[in-house]
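In our numbering, the protein residues as written are 11 to 153. All C-beta atoms, glycine included, are put in the ideal place defined by N, C-alpha and C. Computed from a predicted model, the values in this text were never measured in an experiment. Structure record follows, encoded as structure tokens.
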């Protein structure tokens, strides 16, 4: 890592200073390759998509697998993202686990980012997935 080429993305992340309207989030495996910056307008709770907000925000930076700054969110990889909101960080993000050098608060809430034009289809898919899992569990473990 010491001999890694230090490009503009590297310096942008290393020199980044958190602002009050920014948050750093850990993502699990990305569903697609997404070039940055990426603008979204909806945040929702994956296991309860009825809990959502509409707010404009931008994903400004990404670090892939906790290793190096990249200019995209890469399909199938974990990322650390710098997310910027127009004003303040929305309360829905307080549902996420918090990791810091002082304390770690861990829970099992996961959030999704999307655009409202896609949200109804995503919500329908999440509901159907939940119903399918429930039906499979009932078949596997009948009462």
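#1: Cα separation between residue 117 and residue 104?
#2: When you compare each of 131, 57, 85 to residue 119 by their alpha carbons, which one comes out closest?
#3: What distance in whole Å lies between the Cβ atoms of residue 96 and residue 66, which are believed to be in contact at a cut-off of 8 Å?
#4: So is residue 45 buried or exposed if we call it buried at 16+ other beta carbons inside 10 Å?
#5: Can you list, in chain order, the residues of its chain with a C-beta nearer than 6 Å to that of residue 102? Leave out the 5 residues immediately preceding and following it.
#6: Give the straight-line distance between the Cα atoms of residue 70 and residue 91, rounded to the nearest whole angstrom.
#7: Just to confirm, are residue 81 and residue 19 a CB contact at a threshold of 8 Å?
#8: I need the DSSP call for residue 7, collapsed to helix, strand or coil.
#9: Applying the criterion that 16 or more other CB atoms from any shown protein chain within 10 Å of the CB defines a buried residue, is residue 85 buried or exposed?
#10: Give me the residue from 61, 89, 60 with the minimum Cα distance to residue 72.
So, to answer that:
#1: Roughly 11 Å separates the two Cα atoms.
#2: 57
#3: Going by Cβ atoms, the distance from residue 66 to residue 96 rounds to 6 Å, so yes, they are a contact pair.
#4: exposed
#5: 53, 63
#6: 7 Å
#7: yes
#8: Because the chain here runs from 11 to 153, residue 7 falls outside it and cannot be looked at.
#9: exposed
#10: Residue nearest to residue 72 within the set 61, 89, 60 is 89 (criterion: CA-CA distance).
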